[in-house]
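As structure tokens, the structure follows; a few thoughts come after it.
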Amino acid sequence: MNHILIKTAHVVYHYHKYILVVSAVVSVIAVALIFNIEMNADMMDVMPADNPSMKLFAETLNELQRVNALVIVIASGSEDIEQHTEFIDRLSQRLSDSSLIDAVDSSVFNVPRAFMAEYFPMYLDEKGLALLEEKLSVNGINHQIRKNYRALTSFLSSPADAGMIADDPLDIRSLVQNSVMHKELSGIDVSSGYYFSRDLKKAYVYITPAGSVRNFAFLRELRGEIKSISDQTLQSYGNPDTLTVRSSGSYAVSWEAQESIGRDMYVSIFVTVALVLLIFRFIYRGRFIGLFVIFLTILVSLLVTLTSAFLLFRGLNIVTALVSAMLIGLGFDYTLHIFDRYVMEFRKQGSSLQALETTYLNTGRSIIISAITTAFAFFSIVVTSFKGLHELGIIAGVGILACMASTLIVLGSLLVLVSRSKSALLVPHDDGAVLGEKVPDFILRNGKWLLVSVCVIMLALSAGIPGITFISDVSGIGLKKSRALELQKEVLAMSGRKGIPLILTCNGKKDVSSAFDEMDSCFTGRYPASSA
1 MNHILIKTAH VVYHYHKYIL VVSAVVSVIA VALIFNIEMN ADMMDVMPAD NPSMKLFAET
61 LNELQRVNAL VIVIASGSED IEQHTEFIDR LSQRLSDSSL IDAVDSSVFN VPRAFMAEYF
121 PMYLDEKGLA LLEEKLSVNG INHQIRKNYR ALTSFLSSPA DAGMIADDPL DIRSLVQNSV
181 MHKELSGIDV SSGYYFSRDL KKAYVYITPA GSVRNFAFLR ELRGEIKSIS DQTLQSYGNP
241 DTLTVRSSGS YAVSWEAQES IGRDMYVSIF VTVALVLLIF RFIYRGRFIG LFVIFLTILV
301 SLLVTLTSAF LLFRGLNIVT ALVSAMLIGL GFDYTLHIFD RYVMEFRKQG SSLQALETTY
361 LNTGRSIIIS AITTAFAFFS IVVTSFKGLH ELGIIAGVGI LACMASTLIV LGSLLVLVSR
421 SKSALLVPHD DGAVLGEKVP DFILRNGKWL LVSVCVIMLA LSAGIPGITF ISDVSGIGLK
481 KSRALELQKE VLAMSGRKGI PLILTCNGKK DVSSAFDEMD SCFTGRYPAS SA
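With my numbering as the guide, the letters of the sequence shown map in order to residues 1 to 532.
Printed below as a string of structure tokens:
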């Protein structure tokens with residue numbers, strides 16, 4: 001390894017300008033690619049990728065479009081929402097006209113007539129089914145015939161009455177209407193045909209988007225489309241102060257999480273960089289050139305890491321989004337060791353080449369070993385079946401190696417350039433008083449008490465180890481404060497849902513009846529409150 005390190009030092013020394021030019025070009029290309037990086041907010045990334053149950057769950061969600069529905073919540077403030085049915089109709093119509101939306105459901109009667117005619121018994125309650133049985137009896141049919149005759153022969157009869165009787169001679173329409181209008185749904189009022197809250201302050205419009213909730217480009221386009229349609233409809237309706245339009249459902253939660261992940265990543269990077277700079281400024285007072293070269297070195301390694309994430313996975317997920325902050329800390333550690341050792345050797349020997357050789361042979365060797373072991377520790381995570389952790393292992397491992405290479409090659413080139421052009425900038429200005437004198441003296445004077453304090457703290461902390469549990473609830477890794485998620489909980493509470501249902505699937509239609517019978521016999525008596 002010594003021979004390789006010396007060769008590396010000579011290459012960096014003789015070609016440092018070319019290395020810096022190539023690094024600058026690579027950084028520019030990386031920035032162009034990073035602008036296209038996607039922020040994946042899909043919770044499925046933290047689930048086992050090869051688990052048959054999870055695959056079936058994802059496929060079922062894609063099939064059951066109502067589960068993936070986007071819910072538009074229209075609130076009317078202090079006014080009754082019934083006063084704004086015209087706005088609901090306008091908004092629903094404009095949403096229906098969008099190419100990004102497959103279906104819009106704003107009313108219990110907003111279904112195809114053919115579907116309702118074929119499956120009308122599904123809309124009947126217990127009383128409605130009893131009345132249907134009575135209508136289909138001989139006496140019921142004779143009674144309806146006499147009723148139709150009186151209606152047709154009345155002097156108040158109109159062609160419209162004749163058409164309605166011809167389409168529905170048994171007046172099934174009235175049964176469906178009465179059943180739907182009087183059906184009691186927990187938290188929902190459908191007496192007017194619309195989906196209103198029980199306090200008549202909110203209306204719900206259910207939307208089935210045309211694309212998948214896992215398509216990030218579609219999510220951005222859908223969000224813009226929903227906002228544009230809502231704003232235009234409000235404007236055409238007169239922009240009443242009492243009306244507000246908000247979004248909920250899995251689509252709204254996903255695009256909110258996607259936006260939050262991107263914002264949190266940049267904030268974490270900014271905070272980490274700021275803290276690192278403050279620490280550096282506190283320890284190395286007056287040595288601004290060190291701050292500059294270290295910043296450039298870490299920046300190059302970050303750009304290479306994010307570019308690798310883009311090329312390998314096309315983006316970052318909810319697990320890998322914050323890897324940049326971690327790499328800044330590790331990169332600062334590597335660069336600080338090289339910088340300190342190089343400055344010390346340059347002051348002793350006065351030669352850039354000799355200082356670089358000594359630095360690489362001593363500190364460089366330790367950094368290489370440390371980086372390789374850390375990278376392999378992250379690479380070992382790739383064996384997991386969880387997609388998010390799998391990607392984290394690869395991206396973090398690549399990032400560690402990028403930090404190591406950038407520290408040895410880019411930082412080495414920058415130090416050679418500075419020491420050959422303006423070596424005075426590397427001379428420290430009384431920056432060793434704290435770590436070089438005060439901290440060691442404090443440890444020597446109070447070593448025993450420090451050791452006892454550490455042991456007491458460790459014992460106190462270890463007492464809580466038996467109480468550590470594994471939290472398997474995936475909602476624990478979601479957003480802390482999500483307006484869309486809070487609104488979704490409100491919508492679920494209004495609809496009477498108390499949790500996520502157990503979804504049972506059956507392959508094919510041939511044995512559906514026998515499967516239901518077997519399921520009923522299995523659940524009956526064992527889980528009285530369950531339903532399928």
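Each residue gets a CB set at the ideal place from its N, CA and C atoms; glycine is no exception.
Considering only C-alpha positions, which residue in the set D89, L316, K202 and R365 is nearest to I4?
-> Residue 4 sits at position 4 when you count from the first residue of the sequence shown. Nearest option by C-alpha distance: R365.
Problem - R314 versus L100: straight-line alpha-carbon distance, rounded - result: Within the sequence shown, the letter at position 314 stands for residue 314. Within the sequence shown, the letter at position 100 stands for residue 100. The straight-line gap from Cα to Cα measures roughly 23 Å.
Could you compute how far the alpha carbon of R94 sits from the alpha carbon of L291?
Mapped onto the sequence shown, residue 94 falls at position 94. Mapped onto the sequence shown, residue 291 falls at position 291. It is roughly 56 Å from the alpha-carbon of R94 to the alpha-carbon of L291.
**Item:** Closest Cα partner of L275 within the set I328, L322 and E518
**Value:** Taking the sequence shown and counting its residues from 1, the one referred to as residue 275 is at position 275. Here the closest residue by C-alpha is I328.
Coil, strand or helix - K202 by DSSP | Here residue 202 refers to the residue found at position 202 when the sequence shown is read from its first residue. Correct three-state label for K202: strand.
Check your understanding: Anyone know if the C-beta pair for F218 and L33 falls short of 7 Å?
Key -> Indexing the sequence shown from 1 puts residue 218 at position 218. Indexing the sequence shown from 1 puts residue 33 at position 33. The answer is no: Cβ separation not under 7 Å.
Which value, in whole angstroms, describes the spacing of the CA atoms of L415 and L330?
As a first step, residue 415 is located in the sequence shown; it is residue number 415 there, counting from the start. As a first step, residue 330 is located in the sequence shown; it is residue number 330 there, counting from the start. L415 and L330: Cα-Cα distance of roughly 20 Å.
Open item on the list: Taking DSSP's pairing of strands, which residues face D171 in a bridge?
Closed with: Mapped onto the sequence shown, residue 171 falls at position 171. Answer is none; D171 lacks a bridge partner.
(request) Classify D76 as helix, strand or coil using the three-state DSSP reduction. (result) Counting from one through the sequence shown, the residue named residue 76 turns up at place 76. Note that residue 76 corresponds to Ser in the displayed sequence, not to Asp. Here S76 sits in coil by DSSP.
inquiry  = Could you tell me the alpha carbon to alpha carbon distance between A24 and A30, rounded to whole angstroms?
reply    = For this step, residue 24 is matched to residue 24 along the sequence shown. For this step, residue 30 is matched to residue 30 along the sequence shown. So the alpha carbons of these two residues sit roughly 10 Å apart.
- Query: Going by the CB atoms, is the gap between L356 and G412 shorter than 7 Å?
  - Reply: Looking up residue 412 in the sequence shown gives position 412. Looking up residue 356 in the sequence shown gives position 356. The answer is yes: Cβ separation under 7 Å.
- prompt: Taking Cβ positions, are T363 and R347 nearer each other than 7 Å?
  reply: Here residue 363 corresponds to residue number 363 of the sequence shown, with the count starting at 1. Here residue 347 corresponds to residue number 347 of the sequence shown, with the count starting at 1. No Cβ-Cβ contact shorter than 7 Å links T363 with R347.
| task | Kindly indicate the opening and closing residues of the alpha helix (DSSP H) around D231. | result | Against the sequence shown, residue 231 aligns to sequence position 231. Run containing D231: F216 to S236, per the alpha helix (DSSP H) assignment.
key: For H337 and V343, the rounded distance between their alpha carbons   = As a working mapping, residue 343 is identified with position 343 in the sequence shown. As a working mapping, residue 337 is identified with position 337 in the sequence shown. Straight through space, the alpha carbons of H337 and V343 are spaced by roughly 10 Å.
Check your understanding: DSSP on H3, reduced to helix/strand/coil?
Key -> As a first step, residue 3 is located in the sequence shown; it is residue number 3 there, counting from the start. Residue state, collapsed to three classes: helix.
Nearest by alpha-carbon distance to I535: which of L401, T384, G388 and S385 is it?
Here the chain has residues from 1 to 532 only, and residue 535 is not among them.
Given this structure, state the Cα-to-Cα distance separating K135 from S158, to the nearest angstrom. Against the sequence shown, residue 135 aligns to sequence position 135. Against the sequence shown, residue 158 aligns to sequence position 158. Taking the straight line joining both Cα atoms gives about 24 Å.
### Task
Could you check if M1 is buried or exposed, using at least 16 other CB atoms within 10 Å of its CB as the buried criterion?
Here residue 1 corresponds to residue number 1 of the sequence shown, with the count starting at 1. M1 comes out exposed.
- [ ] For C522, count neighbouring C-beta atoms within 10 Å of its own C-beta (all shown protein chains included) and say buried if the count is 16 or more, exposed if not.
- [x] Locating residue 522 in the sequence shown gives position 522, counting from the first residue. C522 should be labelled exposed.
**Prompt:** Using a C-beta cutoff of 7 Å, does S23 count as contacting chain C?
**Reply:** No chain C is part of this structure, which consists of one protein chain only.
Quiz item: L536: buried (16+ other C-beta within 10 angstroms of its C-beta) or exposed?
Solution: Because the chain in this structure spans residues 1 to 532, residue 536 falls outside the shown range and cannot be described.
For F196, write down the residues that DSSP places opposite it in a beta bridge. Taking the first residue of the sequence shown as 1, we reach residue 196 at position 196. Per DSSP, D189 and A203.
ask   = Who are E38's beta bridge partners in DSSP?
value = Counting from 1 along the sequence shown, the entry for residue 38 is found at position 38. According to DSSP, E38 bridges with G315.
Test item: CB-CB of I74 and A203 under 7 Å | Within the sequence shown, the letter at position 74 stands for residue 74. Within the sequence shown, the letter at position 203 stands for residue 203. Cβ distance < 7 Å, so I74 and A203 count as in contact.
Tell me the rounded alpha-carbon separation between R90 and D167. Along the sequence shown, one-based indexing puts residue 90 at 90. Along the sequence shown, one-based indexing puts residue 167 at 167. Near 29 Å, if we compare the C-alpha coordinates of D167 and R90.
- Other residues of its chain near F70: CB distance less than 7 Å, five sequence neighbours each side excluded: Taking the sequence shown and counting its residues from 1, the one referred to as residue 70 is at position 70. Note that residue 70 is Leu in the sequence shown here, rather than Phe. Cβ within range, chain order: I207, P209, S247, G249, Y251 and A252.
| said: Buried or exposed for Q83, going by 16 or more other Cβ atoms inside 10 Å? | reply: Position 83 of the sequence shown holds residue 83. It is exposed - the Cβ of Q83 has fewer than 16 other Cβ atoms within 10 Å.
**Q.** 7 Å CB neighbourhood of M404 in its chain, flanking five on each side removed
**A.** As a working mapping, residue 404 is identified with position 404 in the sequence shown. Same-chain partners within the cutoff: Y334, I367, I368 and A371.
- I think G211 touches L222, with their Cβ atoms under 8 Å apart; what is that distance to the nearest whole Å? To locate residue 211, count along the sequence shown from 1; it is residue 211. To locate residue 222, count along the sequence shown from 1; it is residue 222. Rounded, the Cβ-Cβ distance is 7 Å, consistent with contact.
| query | Any idea if Y590 is buried or exposed, counting beta-carbon neighbours within 10 angstroms, 16 or more meaning buried? | reply | Here the chain comprises residues numbered 1 to 532, so residue 590 is not present and cannot be evaluated.
- Message: Taking the straight line between their C-alpha atoms, what separation do you get for T297 and H14?
- Response: Counting from one through the sequence shown, the residue named residue 297 turns up at place 297. Counting from one through the sequence shown, the residue named residue 14 turns up at place 14. Cα to Cα, the separation comes out at about 19 Å.
Item to complete: Let me know the secondary structure DSSP gives L243 once reduced to three states.
Response: Here residue 243 is taken as the residue at index 243 of the sequence shown, counted from 1. Note: L243 maps to coil in three-state DSSP.
Notebook entry, point to check: If you run the structure through DSSP and keep just helix, strand and coil, what is D97?
Noted result: Position 97 of the sequence shown, counted from the first residue, corresponds to residue 97. Residue state, collapsed to three classes: coil.
* What does DSSP give as the partner residues of A309 in its beta bridges? -> As a working note, residue 309 is residue 309 in the sequence shown. DSSP output for A309 lists no bridge partner at all.
Which residue's Cα is closest to the Cα of T242: V190, P440, F87 and D171?
For the purposes of this step, residue 242 is taken as the residue at position 242 of the sequence shown. The option with the nearest alpha carbon to T242 is F87.
Practice item. Round the Cβ separation of E391 and T320 to the nearest angstrom and send it over; I've been treating them as touching at under 8 Å. Key: In the sequence shown, the residue the question calls residue 391 occupies position 391. In the sequence shown, the residue the question calls residue 320 occupies position 320. The pair is a contact, with the Cβ atoms about 5 Å apart (cut-off 8 Å).
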